[in-house]
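Residue numbers (this note's numbering), protein chains in the order written: chain A, 85 to 503; chain B, 85 to 503.
We put the beta carbon where it would ideally sit given N, CA and C, even for glycine.
Protein chains: 2
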Amino acid sequence: MKDISGGVCAPKGFWAGGIRCGIKASARKPDLALIYSEQPCTAAAMYTGNRVKAASLIVSMEHLAGGTCRAVIANSGNANACTGEAGFAAARRMAELASDALSCRAGGPLRPEDTAVASTGVIGVPLPLRPIEQGIGALAASLRNDAAGHEAALEAIMTTDTRKKQGAVEFEIAGKPVRIGGMVKGSGMIHPNLATMLCFVTTDADICRPLLDSALRRAVKHSFNRVTIDGDTSTNDMILVMANGLAGNPSIQTEGADYAVFAAALESLCVGLARETARDGEGASKLVTVKVHGADDDADAELLAKTVASSNLVKAACFGADANWGRVLCAMGYSGADFDAEAVDVSFGGRAGHITVCRNGAFLSFSEEDAKRILSQDEIEIDIELNRERPGGPGPGKAEVWGCDLTYDYVKINGDYRT
Amino acid sequence: MKDISGGVCAPKGFWAGGIRCGIKASARKPDLALIYSEQPCTAAAMYTGNRVKAASLIVSMEHLAGGTCRAVIANSGNANACTGEAGFAAARRMAELASDALSCRAGGPLRPEDTAVASTGVIGVPLPLRPIEQGIGALAASLRNDAAGHEAALEAIMTTDTRKKQGAVEFEIAGKPVRIGGMVKGSGMIHPNLATMLCFVTTDADICRPLLDSALRRAVKHSFNRVTIDGDTSTNDMILVMANGLAGNPSIQTEGADYAVFAAALESLCVGLARETARDGEGASKLVTVKVHGADDDADAELLAKTVASSNLVKAACFGADANWGRVLCAMGYSGADFDAEAVDVSFGGRAGHITVCRNGAFLSFSEEDAKRILSQDEIEIDIELNRERPGGPGPGKAEVWGCDLTYDYVKINGDYRT
Chain A
85 MKDISGGVCA PKGFWAGGIR CGIKASARKP DLALIYSEQP CTAAAMYTGN RVKAASLIVS
145 MEHLAGGTCR AVIANSGNAN ACTGEAGFAA ARRMAELASD ALSCRAGGPL RPEDTAVAST
205 GVIGVPLPLR PIEQGIGALA ASLRNDAAGH EAALEAIMTT DTRKKQGAVE FEIAGKPVRI
265 GGMVKGSGMI HPNLATMLCF VTTDADICRP LLDSALRRAV KHSFNRVTID GDTSTNDMIL
325 VMANGLAGNP SIQTEGADYA VFAAALESLC VGLARETARD GEGASKLVTV KVHGADDDAD
385 AELLAKTVAS SNLVKAACFG ADANWGRVLC AMGYSGADFD AEAVDVSFGG RAGHITVCRN
445 GAFLSFSEED AKRILSQDEI EIDIELNRER PGGPGPGKAE VWGCDLTYDY VKINGDYRT
Chain B
85 MKDISGGVCA PKGFWAGGIR CGIKASARKP DLALIYSEQP CTAAAMYTGN RVKAASLIVS
145 MEHLAGGTCR AVIANSGNAN ACTGEAGFAA ARRMAELASD ALSCRAGGPL RPEDTAVAST
205 GVIGVPLPLR PIEQGIGALA ASLRNDAAGH EAALEAIMTT DTRKKQGAVE FEIAGKPVRI
265 GGMVKGSGMI HPNLATMLCF VTTDADICRP LLDSALRRAV KHSFNRVTID GDTSTNDMIL
325 VMANGLAGNP SIQTEGADYA VFAAALESLC VGLARETARD GEGASKLVTV KVHGADDDAD
385 AELLAKTVAS SNLVKAACFG ADANWGRVLC AMGYSGADFD AEAVDVSFGG RAGHITVCRN
445 GAFLSFSEED AKRILSQDEI EIDIELNRER PGGPGPGKAE VWGCDLTYDY VKINGDYRT
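Next up, the structure:
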């Protein structure tokens, strides 16, 4: 498997674009994106676990219920959530506008249900349809099946994101090159579960719907469900994967070796996107990776890692490059997971080295200078060894979770997001 | 019932004091407090739910297991948590030093178990005993049974606290005046449950241990368990109430009218202390009260209110006086509580008025100017009406939770706490 360029346009037969239609107040920022497949796609998706779901999400659920999809339209600048009946009508209209505008390119009429809808931005403000109606024609005409098309679409779904979070991989199935590409937006309101962002993934693999779905669920479990930025699970989270089969591989219909290769590639791509999402957390200056080993099982390890990565006090200490490991133990203590506080070892690591700061749950003499240097890097690691003893060896449970530090900029960005 | 001055020294027969012994690096800040009762006390206490408990807490649990207590010694500047075996020895020694120093005043030897121990400060640093050994004599000699004694003790348990959180009330039981006084420290690592701070309450009421215990549990449920500052439940939380019986009221031995009066007074005092604790959250510029009405039951209402009050995004919006009610609905949505998103009304209120910003789960046209004025006050209220319909009327469940905003200063304080 190798990394390639082109994002969602790297797989064969996918086109993308983005324009500024006028939903965002800023006169310069693009706010409407479209991704389109030449051929009908098998589609799988996952949605936010938030009880309050955006209208766009609910409409996408309806449209994707059949497991097929041809396009996705997405706007930024407005979440179309908590917008009442008008919000549902607007989301349906968005899909209809996109399908209509793509019919010519598709060589025949597309149904509204062929298009998925996504929105991101402020909650509780009516979504203006006029800009979309006025812009959709130009957007459909602007689609490209190259890196520029991908980039235009990606830029149009970004809000407080400061980095372009994207990727694409190529691998072989039965001698045929197969590609998977993806983009993700998400910076605040990021917390498992789920994905807590918008993520669009394309592939030219030929794979049946049930296996595409199971590959997605597995990938998300080990990637986006292990990211936390601020503990707020959004109303708009959605990850969509579209497979158009144009790679020409023997169709993946069983959980055999081909499926395993595809699933591993999808997971690898999603892990990369998830890490980048954590790194680009609102206001973040550091990517913080929390690793837990030696737990009774993976679930306990994950709960511990997530609780530590979510702790405001741990996050603020990371910002301040302060080796305040007591906050790590404190967060573990209220996680609800089972562990023996007197057996825990904690280390901090990163490019500048690795230093153990707590042994058997108690203080250990260490060089504050070294710790400061390690924690001042833009990527830091908190390693937690639980040393659970079990018959036959150490506890097998482990997990890795990605988060970020809590900074002045987080407060600044979120103290006045709407204006 | 009336408010009186004097804090923990307001009830008859209680003495208190505080000195600087040298645990804190600062040469000016007091760090060792002592509270003492002339007469043996019935005692009840509650402790943190964190699995990682400070050594001082575990020693207090042992000493208070019999339900009696004569004194409490508390230090700030060091949490004596995650300090291994040495930490337990230090906590035991603290109690012993205090009991010894008080024996003369008590007119006879006190046992180490007569003294409870509490610590607050940095986790994971060995507690130095020398300063306590050197200072305890002067501290015991300095005790006073007046407001000055109370203040000295209170100042000695403060860390990042910026306000003196204290109170005392007087009421009558069978014609006898009875007093309850309290002090609390706590600013960061504040999250239910429990108390998430150190709180010492004294009373001259005559009340049996089981009823003192049940009154305390009821009071904490409606006060300290409804405060959230940063979602981090500390390792050192403890609330202790000591009752010495010197008021001379007919001893409260049953759950009758006298008990009800006492329990209500204790709860009222604790609610006041809890609100002040939220207001003095680390870096906080505003007290944020979240009220939920119309839920199926109080548990759902409390879960919703706590989740909203805990949301970093809601807290940052409060800091920025931004009427971003969508974040309120978003937090409700991931709370896990049962409610109908399409029925929710949200209002913001405070001294500058009251404004409804969301009706039936959707946007409502409102004056941004009015909302800004309301949210710019130092006390703001988020009112959530769930409008649950039930046979026979609206949902009866309600709850009130106190939190604070998320500010630059929170990040500043916690980015470099240890140095």
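With the criterion set as a beta carbon lying under 9 Å from some beta carbon of chain A, the members of the stretch 203 to 217 of chain B are Val206, Ile207, Gly208, Val209, Pro210, in sequence order.
Around the beta-carbon of His147 (chain B), 16 or more other beta-carbon atoms lie within 10 Å, marking it buried. In the DSSP assignment, Gly101 (chain A) is bridged to A:Leu118. Excluding five sequence positions before and after Asn333 (chain A), the CB atoms of its chain that fall closer than 8 Å to its own CB belong to Ile257, Ala258, Lys260, Val262, Ala289, Asp290, Asp342, given in chain order.
From the beta-carbon of Val495 (chain A), the residues of chain B found nearer than 7 Å are Ala400, Phe403, Leu490, Thr491, Tyr492, Val495. Listed by position along chain A, the residues whose Cβ is nearer than 8 Å to that of Phe447 (chain B) are Cys166, Thr167, Gly168, Gly208, Val209, Pro210. Asp87 (chain A) is bridged by DSSP to A:Val253.
Boundaries of the alpha helix (DSSP H) harbouring Asp384 (chain B): 382 to 394, taken from the DSSP string. Less than 7 Å separates the beta-carbon of Cys125 (chain B) from that of Asn328 (chain B). The C-beta separation of Met322 (chain A) from Ala202 (chain A) comes to about 5 Å, placing the pair in contact by the 8 Å criterion. At least 7 Å separates the beta-carbon of Tyr120 (chain B) from that of Ala175 (chain B). Taking all protein chains in view, the Cβ of Ser451 (chain A) is surrounded by fewer than 16 other Cβ atoms within 10 Å, so the residue is classified as exposed. Within the DSSP secondary-structure output, Lys269 (chain B) pairs in a beta bridge with B:Leu282.
Rounded to the nearest whole angstrom, the CA to CA distance from Glu484 (chain A) to Leu238 (chain A) is 27 Å. For Ile464 (chain A), no alpha helix (DSSP H) segment is defined; the enclosing uninterrupted segment is the beta strand (DSSP E) at 463 to 469. Under the Cβ distance rule, Val136 (chain A) counts among the residues neighbouring chain B, one pair being separated by less than 7 Å.
Within 10 angstroms of the beta-carbon of Cys188 (chain B) lie fewer than 16 other beta-carbons, which makes it exposed.
Judged by DSSP in its simplified three-state form, Ser307 (chain B) adopts coil rather than helix or strand. Per DSSP, the continuous beta strand (DSSP E) segment holding Ser431 (chain B) begins and ends at 429 to 434.
The C-alpha of Ala170 (chain A) lies about 8 Å from the C-alpha of Pro210 (chain A). Measuring C-alpha to C-alpha distances from Leu490 (chain A) to each of A:Asp364, A:Leu388, A:Arg228 identifies A:Asp364 as the nearest.
In the three-state scheme derived from DSSP, where H, G and I count as helix and E and B as strand, Gly219 (chain A) is classed as helix.
DSSP, reduced to helix, strand and coil, places Leu324 (chain B) within a strand of the structure shown. Under the Cβ criterion of 7 Å, Thr440 (chain B) is not counted among the residues facing chain A.
In this structure, the beta-carbon distance from Cys414 (chain A) to Thr319 (chain B) falls below 7 Å.
A contact is defined here as three or more CB-CB pairs under 8 Å, and the stretch 364 to 373 of chain A fails this definition with respect to the stretch 157 to 165 of chain A. Here the alpha carbon of Arg195 (chain B) sits roughly 6 Å from the alpha carbon of Ser183 (chain B). Counting along the chain, the unbroken alpha helix (DSSP H) around Val412 (chain A) starts and ends at 409 to 417.
In this structure, the straight-line span from the alpha carbon of Glu235 (chain A) to that of Trp486 (chain A) is close to 25 Å. Between Ile103 (chain A) and Gly233 (chain A), the C-beta spacing is not below 7 Å. Here Val495 (chain A) is near Ala400 (chain B), since their CB atoms are less than 7 Å apart. Counting along the chain, no beta strand (DSSP E) covers Asn162 (chain B), and no H or E run does either.
A Cβ-Cβ contact shorter than 7 Å links Pro95 (chain A) with Gly265 (chain A).
Rounded to the nearest whole angstrom, the CA to CA distance from Lys269 (chain B) to Thr243 (chain B) is 8 Å. Comparing alpha-carbon positions, the option among A:Gly106, A:Leu324, A:Met281, A:Val355 lying closest to Ala200 (chain A) turns out to be A:Leu324. Beta-bridge analysis with DSSP links Ile157 (chain B) to B:Leu118, B:Val201.
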